[in-house]
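Take a look at the structure below.
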Amino acid sequence: MTILNEWKQDYYDVWLNIRFEFLKNWKSKRSLVAAGISVTLSSLFYLVPLLTGSDFPTEANEFLATSTGLINYILLLNAIFFGADAINGEHHKKTTLLIYPLPQRRSVILFGKFIMQLLTSWGVILIYYLITGTETVLIYDVNALTVDMLKSILFSFLYMGALLSITFFLSALIRNPAISMALTFFFFFLLFPTLNTLLLMIDFDSSWILTNYSAFIIKLFRFPSDIFGPRHLRSPDDIDFYLGIRICLIYTIISFAGAWLFTSRKEI
Amino acid sequence: MKIEKKTRECRLSLYILILSVTLLLLVPFVVVKGSIDTESYCQTCFHSSLSHLSQNNYISPAVRIREIIFPDQQLEEGKLINLTVIIENKDDMSLSGFRLIIVLTEITDARGEEPVNKTINKSLDMIPAVSNVTDHISFTNEFGEYILTACLAYGDTIVPKSSCSTQVHILSPPIGDVTTLLFALGGILAFILFAVLVPGIIDQFRFLSRKKPLKDRWRMIKGFLKKGQKMVI
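Chains as they are written, first to last, in this note's numbering: chain A, 1 to 268; chain B, 1001 to 1233.
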């Protein structure tokens, strides 16, 4: 078999895995649950003031910045839903054995899985933004939707890529899906924020910590409000946007390479 | 006696005349100086920003800031912030020599620095009697959430009850650009799609591109079925 045929076969296998993962997500109702959470959380910011008769923020940017405050949780949920058991789940359920009668490269399965789970996560994020955007148009004006919103969407896509990549890495590293799920949760909710706080306390550079850059999802709306929570829990104020992009890319590529390495060497 | 009486009457008339003239001369000052009002009418931060002005002798002409209007929908750091102030004069006399004072007091620590207080001072033209005068001011400021207070002053004295306050949000300049984000996202997808090529290339170099013969694969499956044995494809 020439290398060209081999590549063609690999790309076909990736496509096959993408379709398989799509069906799997659909059947397991994970994507449906994630979309449901996204719809519920994004609707809260419109429905609660409407039902209680309280006022909406005077400025559209304030509404957008407040509404997207919860997107961080959606991103973490997506990472856990779609990545925490992506690799070790197959080993745990013995579905990896299918590659004996249906030989495929493990890397190809990983690529197909990652692309599909990334696209599904982006879809869930897009639902959140679409609802928030519709709410903004209903409350304010269509002019309230500026390029800042597009930037926020794209940045959350990028951040999602990094989160999913780390989750895939943990899934490839740890055999038990439950442990990798708990560790993912621990990593993003406890380890990174705690490490950041400690580094800030001792005035040490914490610009390499990924979770700092999730603040950009809100900061891109440029609203100067104290919406990032208590000062000691906030990310550093001098974080750079372009450094954030680079950090996200580095985390994505390194974690994905790690996941690839561990997946290829994992014993069945 | 008559002379003394006349002299006394003359003196009294003179006193009355002097007093009347003095009173007449004092009228404009009285209008401006007004009564003493010790009531605190604005916030502590506002007072501290205007500490150089006297707060003991307030004046009380019926002039005040009626409204503060921002013609632009969004206020942004680095761009001129346009402000329209409507000054209302209810007095039946024109006023001049007044100054418009704008004080910006930061109320959040969104920038993570010391709060910024800014004072803008502008001399006003004559304010016609019983009228509304519009005045335009442009300035630049750092991004943040501020209380903007506009008031009138005469000399070093603030006109009591002339102030009007509003909350202002000054947005930060645009962060980042869409093109870089699109390139970064494209980069991730391109990385994965190009990575698909890598195993094929490695196989070619290692002469392992051919799939293992069926006989070998069956042997591997049989080996796997043996208890406790682990296989790597």
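The C-beta atom is built at its ideal place from N, Cα and C for all residues, glycine as well. Please read these numbers as outputs of a predicted model, since none were measured by experiment.
Please check if any C-beta of chain A sits within less than 9 Å of the C-beta of residue i.
{"i": "F1191 of chain B", "result": "yes"}
{"i": "V1116 of chain B", "result": "no"}
{"i": "D1177 of chain B", "result": "yes"}
{"i": "P1071 of chain B", "result": "no"}
{"i": "I1170 of chain B", "result": "yes"}
{"i": "P1160 of chain B", "result": "no"}
Is residue i near the ligand PLP, going by C-beta to nearest heavy atom under 8 Å?
{"i": "K219 of chain A", "result": "Only the bare structure without any ligand can be found here, which leaves the ligand PLP out of the picture."}
For a contact meaning CB atoms closer than 8 Å, what does residue i contact in chain A?
{"i": "P1199 of chain B", "result": "D10, R105, S107, V108"}
{"i": "T1180 of chain B", "result": "Y242, I245"}
{"i": "L1185 of chain B", "result": "L154, F157, L158, G161"}
Around the Cβ of residue i, are there at least 16 other Cβ atoms within 10 angstroms (buried) or fewer (exposed)?
{"i": "R265 of chain A", "result": "exposed"}
{"i": "S1138 of chain B", "result": "exposed"}
{"i": "W15 of chain A", "result": "exposed"}
{"i": "E6 of chain A", "result": "buried"}
{"i": "A172 of chain A", "result": "buried"}
{"i": "G1186 of chain B", "result": "exposed"}
{"i": "N1132 of chain B", "result": "exposed"}
{"i": "Q117 of chain A", "result": "buried"}
{"i": "M149 of chain A", "result": "buried"}
{"i": "S1048 of chain B", "result": "Low local confidence applies: a pLDDT of 47 at S1048 of chain B is under 50, so the model's placement there is unreliable, with the coordinate-based value given in what follows. Exposed: under 16 other Cβ atoms inside 10 Å."}
{"i": "I1069 of chain B", "result": "exposed"}
{"i": "A1190 of chain B", "result": "exposed"}
{"i": "F1205 of chain B", "result": "exposed"}
Would you mind telling me which residues of chain A sit closer than 7 Å to residue i, beta carbon to beta carbon, in chain order?
{"i": "I1068 of chain B", "result": "By Cβ distance, chain A contributes nothing, its closest Cβ being about 14 Å from I1068 of chain B, past 7 Å."}
{"i": "G1196 of chain B", "result": "In the sequence as presented, Gly is not what sits at residue 1196 of chain B; that position holds Val. Near V1196 of chain B (Cβ distances below 7 Å), the residues of chain A are D10, Y11, V14, V108, F111."}
Output, in chain order, the set of chain B residues within a Cβ distance shorter than 7 Å of residue i.
{"i": "G161 of chain A", "result": "I1188"}
{"i": "T252 of chain A", "result": "I1188"}
Compare the C-beta of residue i against all C-beta atoms of chain B and say whether one is closer than 9 Å.
{"i": "E62 of chain A", "result": "yes"}
{"i": "K27 of chain A", "result": "no"}
{"i": "W208 of chain A", "result": "no"}
{"i": "D148 of chain A", "result": "yes"}
{"i": "F187 of chain A", "result": "no"}
{"i": "V14 of chain A", "result": "yes"}
{"i": "F262 of chain A", "result": "no"}
{"i": "E59 of chain A", "result": "yes"}
{"i": "Y213 of chain A", "result": "no"}
{"i": "N143 of chain A", "result": "yes"}
{"i": "L102 of chain A", "result": "no"}
{"i": "E135 of chain A", "result": "no"}
{"i": "L118 of chain A", "result": "yes"}
{"i": "I174 of chain A", "result": "no"}
Quick one: which chain B residues come within Cβ less than 8 Å of residue i?
{"i": "L170 of chain A", "result": "Those do not exist, as L170 of chain A stays about 18 Å from chain B at its closest Cβ, beyond 8 Å."}
{"i": "L220 of chain A", "result": "I1175, G1176"}
{"i": "K94 of chain A", "result": "Going along chain B, no residue has its Cβ under 8 Å from K94 of chain A, so there is no contact; the nearest lies around 11 Å."}
{"i": "L249 of chain A", "result": "A1184, G1187, I1188"}
Helix, strand or coil, according to DSSP, for residue i in the structure here?
{"i": "S1090 of chain B", "result": "The amino acid occupying residue 1090 of chain B in the given sequence is Lys; Ser does not appear at that position. In the structure shown, K1090 of chain B sits in coil (DSSP, three-state: anything other than H, G, I, E or B)."}
{"i": "R30 of chain A", "result": "helix"}
{"i": "L1080 of chain B", "result": "coil"}
{"i": "Y100 of chain A", "result": "coil"}
{"i": "N1121 of chain B", "result": "strand"}
{"i": "T252 of chain A", "result": "helix"}
{"i": "G229 of chain A", "result": "Note that G229 of chain A scores a pLDDT of 47, beneath 50, so its modelled location is shaky and nothing firm can be said."}
{"i": "N176 of chain A", "result": "coil"}
{"i": "Q1167 of chain B", "result": "strand"}
{"i": "V1196 of chain B", "result": "coil"}
{"i": "D1135 of chain B", "result": "strand"}
{"i": "I1101 of chain B", "result": "strand"}
{"i": "R1064 of chain B", "result": "strand"}
{"i": "I1147 of chain B", "result": "strand"}
Which chain A residues are close to residue i, counting only those with a beta carbon under 9 Å from its beta carbon?
{"i": "V1103 of chain B", "result": "Those within 9 Å of V1103 of chain B in chain A number zero; the least Cβ separation is about 18 Å."}
So which residues on chain B does residue i lean against when the C-beta distance must stay under 9 Å?
{"i": "I115 of chain A", "result": "L1189, I1192, L1193"}
{"i": "L151 of chain A", "result": "It is Lys, not Leu, that sits at residue 151 of chain A in the sequence shown. Within 9 Å Cβ-Cβ: P1174, I1175, G1176, D1177, V1178, L1181."}
(message) Assess contact between the segment 71-84 of chain A and the segment 30-37 of chain A, defined as three or more Cβ pairs (one per stretch) separated by less than 8 Å. Is contact present?
(response) yes
(message) Could you check whether the segment 1078-1098 of chain B touches the segment 1061-1068 of chain B, counting it as contact only if at least three pairs of C-beta atoms, one from each stretch, sit closer than 8 Å?
(response) yes
(request) Report yes or no: do three or more beta-carbon pairs, one from the segment 1165-1183 of chain B and one from the segment 1192-1202 of chain B, lie closer than 8 Å? (result) With fewer than three CB-CB distances shorter than 8 Å, the segment 1165-1183 of chain B does not count as touching the segment 1192-1202 of chain B.
(message) Does the contact criterion of 3 or more C-beta pairs under 8 Å hold for the segment 130-148 of chain A versus the segment 59-70 of chain A?
(response) yes
(message) Pairs of beta-carbons, one from the segment 186-195 of chain A and one from the segment 84-101 of chain A, closer than 8 Å: are there three or more?
(response) no
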